[in-house]
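Chemist:
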Amino acid sequence: MSDPRAHLQTLRSRIEAAPALPERGDWLGLIDAALQALPAGAGPSPELDRLRQDVEDAEHARDAANLQRMKVAGQLNTLHKSLAAAAPEVSAGKDAQSDALRRIEHLATHGASAPGAADAARAAEMDAPMPSRAVLEAVIAGERKFSKAQLEFTIAEAMVLTGWAQTPLELMAEGEPWLAALILKNQNEAA
């Protein structure tokens, strides 16, 4: 951490160099009083360090929660797209949940006779922005690479899982199979 005395001296120098600054004398007086109130060699207090760490921890927790929300929204979106691909004859309405339930009902009653429904649902799963277990396994096996959206999501999730210990570039340097294995391992442990 840097020395607050040095920051105050820098601020004082800048104010002193700006003669057109309104209330310049008052500002200089306040800075001089703050400098005098600081003990010699005053640096950041342990409490300030703890508070900064608390803020950083809260930001990490917020990022993890946002990623989890994105993950759930991505899963739901993938399910909706898969159902739409599997039952295209069911028209879409304004309510995605109602549409999904009607498509499930249609597939339950007509599923076996819907040609290509399973293939269409599988294709929708493989192209979803959030990589599914099948995508992760295919990437690990070297059978495919992540799409751009899948790679972005995977890197964001890997940053959370590694506790922000690596930058996105460092994570990408590990390789897509390594990233996929990290995500899949986390999914297995969560189950």
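Numbering (the numbering used here), first residue to last: 195 to 385.
The C-beta atom is built at its ideal place from N, Cα and C for all residues, glycine as well.
Computed from a predicted model, the values in this text were never measured in an experiment.
1) Between glutamate 319 and the rest of its own chain, which residues show a CB-CB distance below 7 Å, the 5 nearest in sequence each way excluded?
2) Which class does arginine 338 belong to by DSSP, given the choice of helix, strand or coil?
3) Are the CB atoms of alanine 312 and arginine 297 nearer to each other than 8 Å?
4) So what's threonine 348 in DSSP terms, helix, strand or just coil?
5) In the structure shown, what three-state DSSP assignment does glutamate 217 receive?
6) Going straight from the alpha carbon of alanine 294 to that of arginine 244, what length do you get?
7) Threshold first: 3 residues or longer. Then list the beta strand (DSSP E) segments lying entirely within the segment 347 to 378, N to C.
8) To the nearest angstrom, report how far apart methionine 195 and arginine 338 are at their CA atoms.
9) Identify which residue in Glu283, Ile377, Val266 has its Cα closest to the Cα of histidine 304.
10) Figure out for me which residue from Gly357, Ala359, Thr356, Phe340 has the closest Cα to the Cα of glycine 369.
11) Is the beta carbon of alanine 228 closer than 8 Å to that of leucine 202?
Modeler: Considering the structure as presented:
1) Your numbering for residue 319 matches position 125 in the sequence shown. Here the set comprises Thr272, Ser276, Ser326, Ala328.
2) Translated into positions along the sequence shown, residue 338 becomes position 144. Looking at arginine 338 - three-state DSSP - the assignment turns out to be coil, as it is neither helix nor strand.
3) Here the question's residue 312 lines up with position 118 in the sequence shown. Here the question's residue 297 lines up with position 103 in the sequence shown. Result no, Cβ atoms of alanine 312 and arginine 297 do not sit closer than 8 Å.
4) Stepping through the sequence shown from its first residue, residue 348 is reached at position 154. DSSP, read as helix, strand or coil, puts threonine 348 in helix.
5) Locating residue 217 in the sequence shown gives position 23, counting from the first residue. Looking at glutamate 217 - three-state DSSP - the assignment turns out to be coil, as it is neither helix nor strand.
6) Position 100 of the sequence shown holds residue 294. Position 50 of the sequence shown holds residue 244. One C-alpha to the other measures close to 48 Å.
7) none
8) Taking the first residue of the sequence shown as 1, we reach residue 195 at position 1. Taking the first residue of the sequence shown as 1, we reach residue 338 at position 144. Model confidence at methionine 195 stands at a pLDDT of 43, short of 50, so the residue's coordinates are unreliable and nothing is read from them.
9) Within the sequence shown, numbered from 1, the residue matching residue 304 stands at position 110. Residue Glu283 is the option with its Cα nearest to histidine 304.
10) Taking the first residue of the sequence shown as 1, we reach residue 369 at position 175. The shortest C-alpha separation from glycine 369 is found at Phe340.
11) Here residue 202 refers to the residue found at position 8 of the sequence shown. Here residue 228 refers to the residue found at position 34 of the sequence shown. Yes, the pair counts as a contact, with Cβ atoms nearer than the cut-off.
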